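Trainee: Numbering (the UniProt record's numbering), first residue to last: 1 to 572.
Cβ coordinates follow ideal geometry from the N, Cα and C atoms, glycine included.
Source: prediction; values computed, not measured.
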């Protein structure tokens, strides 16, 4: 396992020999290991002007570490104490630095401790591993695990839990599962609920909810560590995110039967799942049940309800009923709540109402974020209010916010829709110059916009360039190109692209077939359109109303409507 994930190489990179006995090592000589260049000069001056005499031992106050500069000064003081502080004291120091999220500095302090011969305990090395994992460098964490064995220090359950969490955070769930199984098979340590919870979360995060349920059942039947609310919550949440809400509700009922108490997280996950499926009546039942169990909805729960109502076109109900209820319960709406409400009014095209909500945020001490602005920008773009959208877009930097890919996509789409291809090109260039990486949706907007504005040759050139660079393009991008080709009468090229989709690992969707059928019908190639309809069904892609309308209109145009009616009657 260690060799597979490159631990030996990382071990060599982190190895650190203690200084020779005759050499006088101070923190000032180790500053380059700890500080970036801008701070190095300042602190070098501070340390060189500090007396070199060793201070008498005195209690160390870790509460005064509020920034990295404080930590450096204290660390220097600790190294000059005689006798040196205990490993426990250094561990407390490392913990304080890590809590400030100065992970890189914490690793450097850990290495300097090794250079000074300060003995490391399991807890010390666990801190270092945790820092590596938080820096998305779990392989370096495994290198430190290797040094555990070299020093004869036994790793504990916290060590492996931290490494597992690091693998999950780096989306290396299969490796996490493999390590977890090795820990169990080798009886390296007894997994606790935290370790099981990490694996369950990783499985749910990658859509392997069924395996997470299997692990839950294994815990129930085989191990001393029985699953509690936290584990059940993670599985319930995974099921809801997979839109398997009925299964989540069944597991919830099972929790109740086994006297495992649900909490606000359990209910919030279920409410989120029901809202995503438009089952708002059941949400009301769950909220009532929460009250009966004396479980208070938090701001996250209420925000989910507001978002669910808004997505169902009920923004006014959310504002009129849910927001007052929140304040009545002593729960202050947050930015997420207001963002959902603004997006809800924007979806309805009620931009004046959305703007009122936006302006009222200041009254409640809330600062709009980029998501708030994106909702308003998108709403104004869809309502053909480009001046207002551009004003909001330009306002972002003035508010200390950076436009993201969603901000640019909304404006790009609106510019192309208005036929302003030149302005769209400029914005696309500005986007890249600002370091915002275009998404697949961006390329879809770009290619679709070029095609619909009569720039098919340029669209094909961009498409070829993207394909040549190996940039992932989803079916929506191919639909835009096929549509452009069909509308330009280039059916053969459209056929070729459609035929190559399978070799690229893409399945045509109903929109792909509809576009192609429309192109065939427009050119009078009705028999091929009819064959494509059959092929579409054979591949498991069900026709929709647009499909049938396209076929009917095509055949009516060529006075072959009786043929298509017979076909429809056969299907019914």
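1) Do you know how far the Cα of residue 246 is from the Cα of residue 218?
2) Whole angstroms is fine: what's the gap from residue 573's alpha carbon to residue 372's?
3) May I ask you to report which of helix, strand or coil DSSP gives residue 418?
4) Would you mind listing the alpha helix (DSSP H) stretches within the region 141-215 that are 4+ residues and don't spill past its ends, in chain order?
5) Roughly how many angstroms separate the alpha carbons of residue 66 and residue 75, rounded to a whole number?
6) List the whole-angstrom C-beta distance separating residue 162 from residue 129, where the pair is believed to meet the contact cut-off of C-beta under 8 Å.
7) Which residues mark the beginning and the end of the alpha helix (DSSP H) in which residue 324 is found?
8) Return helix, strand or coil for residue 499, following the three-state DSSP convention.
9) When you compare each of 344, 374, 332, 385 to residue 366 by their alpha carbons, which one comes out closest?
10) Over what stretch of residues does the alpha helix (DSSP H) that includes residue 108 continue unbroken?
11) What does the alpha-carbon distance come out to for the pair residue 146 and residue 120?
12) Could you tell me the distance, in whole angstroms, from the CA atom of residue 93 to the CA atom of residue 237?
13) Between the alpha carbons of residue 325 and residue 234, how many angstroms are there, rounded?
14) Run the proximity test for residue 511: is its beta-carbon closer than 7 Å to any non-hydrogen atom belonging to the ligand HEM?
15) Can you find the residues in the same chain that come closer than 6 Å, C-beta to C-beta, to residue 22, ignoring five residues on each side of it along the sequence?
16) Do the region 425-435 and the region 394-401 make contact, defined as three or more Cβ pairs closer than 8 Å?
17) Measuring straight from C-alpha to C-alpha, what distance separates residue 227 and residue 253?
18) Quick check: what's the CA-CA separation for residue 575 versus residue 406?
19) Rounded to the nearest angstrom, what separates residue 547 and residue 497 at their Cα positions?
20) Put residue 272 into one of helix, strand or coil per three-state DSSP.
21) Kindly indicate the opening and closing residues of the alpha helix (DSSP H) around residue 577.
22) Start and end of the alpha helix (DSSP H) containing residue 481?
23) Please classify residue 573 as buried or exposed, where buried requires at least 16 neighbouring CB atoms within 10 angstroms.
24) With burial defined as no fewer than 16 other Cβ atoms inside 10 Å of the residue's Cβ, what is the status of residue 149: buried or exposed?
25) Suppose you measure from the CA of residue 55 to the CA of residue 95; what does that come to, to the nearest Å?
26) Going by DSSP in three states, residue 541 sits in which element: helix, strand or coil?
27) From residue 384 to residue 348, what does the alpha carbon distance come to, in whole angstroms?
28) Am I right that residue 116 and residue 79 are in contact with their C-beta atoms under 8 Å? What's the rounded C-beta distance?
29) On a CA-only basis, which of 456, 69, 553 is nearest residue 525? Give me that one, please.
30) Please go through the UniProt repeat "PPR" (439-473) and give each complete alpha helix (DSSP H) segment of 4 or more residues, from N-terminal end onward.
31) List the endpoints of the continuous alpha helix (DSSP H) containing residue 374.
32) Less than 8 Å between the C-beta atoms of residue 209 and residue 239, yes or no?
33) Mapping DSSP to helix, strand and coil, what is residue 401?
34) Which residue wins for smallest C-alpha separation from residue 264, given the options 289, 276, 134, 241?
35) To the nearest angstrom, how far is it from the Cα of residue 202 to the Cα of residue 444?
36) Consult DSSP for residue 515 and reduce its assignment to one of helix, strand or coil.
Mentor: In short:
1) Residue 246 has its alpha-carbon roughly 22 Å from the corresponding atom of residue 218.
2) Since the displayed the chain opens at 1 and closes at 572, residue 573 lies outside it and no answer follows.
3) Coil at residue 418, not helix or strand.
4) You should have 157-169, 173-185, 193-205.
5) Cα-Cα distance, rounded: 13 Å.
6) The Cβ separation is near 5 Å, so the contact holds.
7) For residue 324, the uninterrupted alpha helix (DSSP H) run begins and ends at 323-328, by DSSP.
8) In this structure, residue 499 counts as helix in the three-state DSSP scheme.
9) With respect to the C-alpha of residue 366, the residue from 344, 374, 332, 385 having the closest C-alpha is 332.
10) Counting along the chain, the alpha helix (DSSP H) containing residue 108 begins and ends at 103-115.
11) Rounded to the nearest angstrom, the two C-alpha atoms are 14 Å apart.
12) Roughly 37 Å separates the two Cα atoms.
13) Residue 325 and residue 234: Cα-Cα distance of roughly 28 Å.
14) Inclusion of the ligand HEM in the displayed structure is not the case, the ligand content being empty and no account of it being possible.
15) Confidence at residue 22 is low in this model, with a pLDDT of 34, below 50, so the placement of that residue should be treated as unreliable; the coordinate-derived value is given next. Result list for residue 22: empty, nothing under 6 Å.
16) Contact between the region 425-435 and the region 394-401 is absent, because fewer than three Cβ pairs lie under 8 Å.
17) Distance between the alpha carbons of residue 227 and residue 253: 15 Å.
18) Outside the displayed range of the chain (1 to 572) lies residue 575, so it cannot be described from this structure.
19) Distance between the alpha carbons of residue 547 and residue 497: 20 Å.
20) Three-state result, residue 272: helix.
21) Residue 577 is absent from the model: the chain starts at 1 and stops at 572.
22) 475-487 is the span of the alpha helix (DSSP H), which, as asked, contains residue 481.
23) For the chain, the structure presents residues 1 to 572; residue 573 sits outside this window and is missing.
24) It counts as exposed.
25) Residue confidence is low: residue 55 scores 43 on pLDDT, short of 50, so the model does not pin down where it sits. Its coordinate-derived value is still stated next. Rounded to the nearest whole angstrom, the CA to CA distance from residue 55 to residue 95 is 24 Å.
26) Residue 541 falls in the coil class under three-state DSSP.
27) When rounded, the distance between both Cα atoms is 14 Å.
28) The beta-carbon distance between residue 116 and residue 79, rounded to whole angstroms, is 6 Å. This is short enough to meet the 8 Å contact definition.
29) For residue 525, the closest C-alpha among the options 456, 69, 553 is that of 553.
30) Counting only runs that start and end inside the UniProt repeat "PPR" (439-473), the alpha helix (DSSP H) elements of at least 4 residues fall at 440-452, 456-468.
31) Per DSSP, residue 374 belongs to the alpha helix (DSSP H) from 370-382.
32) Result yes, Cβ atoms of residue 209 and residue 239 sit closer than 8 Å.
33) Look at residue 401 here: in three-state DSSP terms it is coil, with no helix or strand label.
34) Considering only alpha carbons, the answer is 289.
35) Note on geometry: alpha-carbon atoms of residue 202 and residue 444 lie some 31 Å from one another.
36) Of the three classes helix, strand and coil, the one that applies to residue 515 here is helix, per DSSP.
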